[in-house]
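See below for the structure under consideration.
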Amino acid sequence: MKNVFRLLAGARILMLFMLLEAVAFLLITSSSYYQQSVVMNQLYAARSFWHKQWNSATQYVGLKEVNEALNEENTALHNMLAQYQSTPNALPGTAFGTAGKPLFSYIPATIIDNSVTKQHNYIVLNVGSANGVAPDMGVIADNGIVGVVTSVTEHCAFVKSLLHTNWRCNVRLMRTGDFGPMEWDGITHNESVLYDIPEHSSVQISDTVVTSGFSGIFPPNIPVGVVIDSHQAKRSNFHEVRIRLFIDFKKIQHVRVVSFLYRDELQTLKPLFDEY
Amino acid sequence: MNTNILRLLLFLLILILVQDIVIDKLPFGTYAYPALYTAFILFLPFNYAAAPTLMWAFAMGLCIDIFSMDVIGLHTAALLFMAYIRPKILKRCAAKDDMGSSAMPSIRILGLGMFFIYIGLSLLAYNTVLFMLDTFSVHHFQHTAIRILLSTLATSILVTLLHFAVKPQRK
Chain P
1 MKNVFRLLAG
11 ARILMLFMLL
21 EAVAFLLITS
31 SSYYQQSVVM
41 NQLYAARSFW
51 HKQWNSATQY
61 VGLKEVNEAL
71 NEENTALHNM
81 LAQYQSTPNA
91 LPGTAFGTAG
101 KPLFSYIPAT
111 IIDNSVTKQH
121 NYIVLNVGSA
131 NGVAPDMGVI
141 ADNGIVGVVT
151 SVTEHCAFVK
161 SLLHTNWRCN
171 VRLMRTGDFG
181 PMEWDGITHN
191 ESVLYDIPEH
201 SSVQISDTVV
211 TSGFSGIFPP
221 NIPVGVVIDS
231 HQAKRSNFHE
241 VRIRLFIDFK
251 KIQHVRVVSF
261 LYRDELQTLK
271 PLFDEY
Chain B
277 MNTNILRLLL
287 FLLILILVQD
297 IVIDKLPFGT
307 YAYPALYTAF
317 ILFLPFNYAA
327 APTLMWAFAM
337 GLCIDIFSMD
347 VIGLHTAALL
357 FMAYIRPKIL
367 KRCAAKDDMG
377 SSAMPSIRIL
387 GLGMFFIYIG
397 LSLLAYNTVL
407 FMLDTFSVHH
417 FQHTAIRILL
427 STLATSILVT
437 LLHFAVKPQR
447 K
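Here the protein sequences come in this chain order: P and B.
So the first sequence is numbered by my numbering: it starts at 1 and just counts up by one.
So the second sequence is numbered by my numbering: it starts at 277 and just counts up by one.
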């Protein structure tokens with residue numbers, strides 16, 4: 001009898017452990033996409049205060065580089081403008097709709113929290129629904145895509161980073177025109193992998209990769225990175241292409257949220273597809 | 277008893293803040309994740325009861341989950357596992373009469389070798405659960421394995437440094 005009690009006393013700890021572990025697993029599994037963003041919204045609204053303070057203290061350190069980058073971009077934009085002004089009707093059709101109206105508008109934003117070391121990285125921006133940001137909008141920087149907005153509060157946006165092992169986005173090889181999904185493999189913060197490039201495609205090292213513009217999340221033809229390695233994937237007829245990203249996710253501070261102006265219209269079109 | 281809990285709470289708070297403000301901002305890459313806050317569980321006294329250890333692990337895990345923008349429950353599950361097997365590892369590393377003492381497990385009591393075996397095995401258990409749950413696939417297993425080993429090494433070094441900083445109390 002004594003032994004039974006001793007056994008139960010030992011098992012009590014095991015039972016407590018299993019109970020608490022079960023709660024932890026329940027939390028993990030119930031953190032599904034939607035519930036998580038709802039709960040997280042409240043948490044991040046509280047947390048973002050702290051990170052805003054931190055960010056305002058550290059932001060000055062990188063100002064010199066930011067200024068140089070802005071200056072460069074400004075020059076490039078001036079050059080482009082001059083080119084367009086000199087040649088009438090040279091505006092690229094992709095950036096403008098049929099009625100001559102622009103397809104995309106941009107909301108400038110600053111990153112207030114970011115990580116690059118996890119397998120599922122997220123970014124918090126200082127803009128929210130008050131600035132017109134909504135879930136499923138893309139986020140870009142001057143030199144590539146940053147991620148996609150998953151949820152917003154009034155003054156904050158929660159962004160799934162490109163450095164997220166379960167998120168794919170469509171990109172295109174500029175030279176050959178082949179497109180495929182790009183998915184981070186979780187290894188380093190400046191490389192990503194492009195899948196499903198057909199065997200017959202002549203991928204070369206240092207080919208440029210740009211956004212495809214499918215799905216209206218990102219505008220087309222934004223440079224993303226260059227090819228640094230390409231080999232045939234195991235047991236398949238497709239190339240697996242390793243890309244060096246142009247963005248340095250460790251330093252990135254200023255980004256733009258992409259708002260596709262015909263998004264609602266596109267959403268009404270999607271159910272029509274499903275009928276076929 | 278009351279001051280003891282207050283002291284533990286303060287230690288917990290400091291560790292979480294140090295982790296969030298300093299360590300998470302260090303450039304370690306995706307391979308090494310130094311989790312200094314595990315020292316909280318590792319430095320609990322030899323005779324600290326198992327049930328409160330688990331409760332502390334649960335509370336601390338939740339705090340870390342909320343602070344580190346990860347899936348809620350991830351660090352909790354890993355920390356709970358470490359807290360659960362800690363007495364089992366400690367029993368094999370410490371002398372029999374040390375197990376009843378209310379001192380913190382230190383190099384002075386355990387000896388250098390046994391101290392490293394104790395924190396090494398505990399952290400290996402912690403990181404294995406953490407990274408297997410985080411990756412949740414066997415796809416890039418070699419990378420996950422490297423991550424587990426490097427994180428265990430990095431955390432062990434930090435925990436040992438902290439061990440010298442908190443000055444183990446005399447028995």
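Built from N, CA and C at the ideal position, the CB exists for glycine as well.
Contact set between residue i and chain B, taken where Cβ atoms lie within less than 8 Å
i, result
"P:Lys250", "Pro303"
"P:His189", "Gly305 and Thr306"
"P:Ile13", "Ala326, Ala327, Leu330 and Tyr360"
"P:Leu279", "Given a span of 1 to 276 for chain P in the structure shown, any question on residue 279 of chain P remains unanswerable."
Span separating the alpha-carbon of residue i from that of residue j
i, j, result
"B:Gly387", "B:Lys367", "14 Å"
"B:Ile433", "B:Gly396", "10 Å"
"P:Phe238", "P:Pro181", "12 Å"
"B:Leu293", "B:Ser377", "29 Å"
"P:Lys251", "P:Asp207", "24 Å"
"P:Leu77", "P:Ser212", "22 Å"
"P:Cys156", "P:Ser129", "8 Å"
"P:Asn166", "P:Gly186", "10 Å"
"B:Ser413", "P:Val193", "18 Å"
"P:Leu91", "P:Leu103", "Residue confidence for P:Leu91 is low, a pLDDT of 48 falling below 50, so the modelled location carries little weight and cannot support an answer."
"B:Val298", "P:Lys234", "41 Å"
"P:Gly62", "B:Gln295", "23 Å"
"B:Thr431", "P:Ser236", "40 Å"
"B:Phe316", "B:His419", "28 Å"
"P:Asn126", "P:Val255", "10 Å"
"B:Leu289", "B:Thr329", "16 Å"
"B:Lys447", "B:Trp332", "Confidence at B:Lys447 is low in this model, with a pLDDT of 41, below 50, so its placement is unreliable and the value that follows should be read with caution. Going from the Cα of B:Lys447 to the Cα of B:Trp332 covers about 23 Å."
"P:Thr94", "P:Ile243", "Legend: pLDDT at P:Thr94 = 45, less than 50; position of this residue unreliable, value from coordinates given subsequently. Each residue's alpha carbon lies about 25 Å from the other."
"B:Asn403", "P:Met18", "19 Å"
"B:Ala401", "B:Pro310", "14 Å"
"B:Thr279", "P:Ile228", "59 Å"
"B:Asp373", "P:Gln53", "50 Å"
"P:Leu7", "P:Leu163", "48 Å"
"B:Met380", "B:Ala441", "13 Å"
"P:Pro271", "B:Ala335", "45 Å"
"B:Val347", "P:Met80", "44 Å"
"P:Lys64", "P:Ile28", "42 Å"
Contact set between residue i and chain B, taken where Cβ atoms lie within less than 7 Å
i, result
"P:Phe49", "Those within 7 Å of P:Phe49 in chain B number zero; the least Cβ separation is about 14 Å."
"P:Thr117", "Phe304, Gly305, Thr306 and Tyr309"
"P:Pro17", "What sits at residue 17 of chain P in the sequence shown is Phe, not Pro. Going along chain B in sequence order, the residues near P:Phe17 (Cβ under 7 Å) are Leu330, Leu356 and Tyr360."
Member of the options whose CA lies at the smallest distance from the CA of residue i
i, options, result
"P:Met174", "P:Phe25, P:Ile222, P:Leu63 and P:Asp264", "P:Ile222"
"B:Ala327", "B:Gln295, B:Gln418, B:Leu426 and B:Ile361", "B:Ile361"
"P:Asn131", "P:Arg235, P:Leu26 and P:Thr153", "P:Thr153"
"B:Thr429", "B:Val405, B:His439 and B:Leu399", "Note that residue 429 of chain B corresponds to Leu in the displayed sequence, not to Thr. Ranking B:Val405, B:His439 and B:Leu399 by Cα distance to B:Leu429 puts B:Leu399 first."
"P:Met120", "P:Leu266, P:Thr188 and P:Leu103", "Note on identity: in this sequence residue 120 of chain P is His, with Met being the wrong assignment. Among P:Leu266, P:Thr188 and P:Leu103, the Cα nearest to that of P:His120 is on P:Thr188."
"B:Phe357", "P:Tyr60, P:Thr58 and P:Glu21", "P:Glu21"
"P:Ser115", "P:Ser202, P:Glu199, P:Asp229 and P:Gln253", "P:Gln253"
"P:Val171", "P:Phe158, P:Asn74, P:Gly216 and P:Lys2", "P:Gly216"
"P:Met137", "P:Phe158, P:Tyr195 and P:Asn143", "P:Phe158"
"B:Phe343", "B:Ala325, B:Ala379, B:Lys301 and B:Leu318", "B:Lys301"
"P:Val224", "P:Asn3, P:Ile140, P:Ala69 and P:Ala11", "P:Ile140"
"B:Leu291", "B:Phe417, B:Ala401 and B:Gly337", "B:Gly337"
"B:Ala371", "B:Thr306, B:Asn323 and B:Ala401", "B:Asn323"
"P:Val66", "P:Ala11, P:Asp248, P:Arg12 and P:Gln204", "P:Asp248"
"B:Phe439", "B:Leu355, B:Phe391, B:Ala359 and B:Leu286", "Reading off the sequence, residue 439 of chain B comes out as His, not Phe. The shortest C-alpha separation from B:His439 is found at B:Phe391."
"P:Val149", "P:Pro108, P:Thr117 and P:Val257", "P:Val257"
"B:Ile422", "B:Thr306, B:Leu286, B:Arg283 and B:Ala379", "B:Thr306"
"P:Val23", "B:Pro321, B:Gly349 and B:Leu318", "B:Gly349"
"P:Ile205", "P:Val241, P:Tyr195 and P:Glu183", "P:Val241"
Whole-angstrom C-beta distance between residue j and residue i, which should lie under 8 Å
i, j, result
"P:Tyr122", "P:Ser161", "6 Å"
"B:Ile281", "B:Tyr313", "Their Cβ separation, rounded to whole angstroms, is 18 Å, which puts B:Ile281 and B:Tyr313 out of contact at 8 Å."
"B:Ile424", "B:Tyr394", "With 8 Å as the limit, B:Ile424 and B:Tyr394 do not qualify as a contact, their Cβ atoms being about 18 Å apart."
"B:Val405", "B:Ala353", "6 Å"
"P:Val209", "P:Ser230", "That pair is no contact at about 11 Å."
"P:Glu199", "P:Gln232", "7 Å"
"P:Asp142", "P:Ala69", "7 Å"
Cβ-heavy atom distance, residue i to the ligand NAP, below 7 Å
i, result
"P:Met174", "The model depicted lacks the ligand NAP and carries no ligand whatsoever."
Closer than 9 Å at the beta carbon, the chain P residues around residue i
i, result
"B:His419", "Asp185, Gly186 and Ile187"
Partners in chain P for residue i, counting only beta-carbon separations shorter than 8 Å
i, result
"B:Ala353", "Glu21, Ala24, Phe25 and Ile28"
"B:Phe334", "Leu20, Val23 and Ala24"
"B:Gly337", "Ala24"
Neighbouring residues, chain P, relative to residue i (Cβ below 7 Å)
i, result
"B:His439", "Those do not exist, as B:His439 stays about 24 Å from chain P at its closest Cβ, beyond 7 Å."
Margin query: Just to confirm the assignment: which complete beta strand (DSSP E) runs, minimum length 3, are found wholly within the region 226 to 271 of chain P?
Written below: 238 to 245 and 254 to 260
Next item on the list: Quick one: which unbroken beta strand (DSSP E) runs of 3-plus residues sit fully inside the region 379 to 429 of chain B? Chain order, please.
Entry: none
Next item on the list: Could I get the ranges of all uninterrupted beta strand (DSSP E) runs contained in the region 167 to 199 of chain P, with 3 residues as the minimum, in chain order?
Entry: 168 to 173, 179 to 183 and 191 to 198
Check: Which residue spans inside the region 278 to 323 of chain B form an unbroken alpha helix (DSSP H) run of at least 4?
Finding: 278 to 297 and 315 to 318
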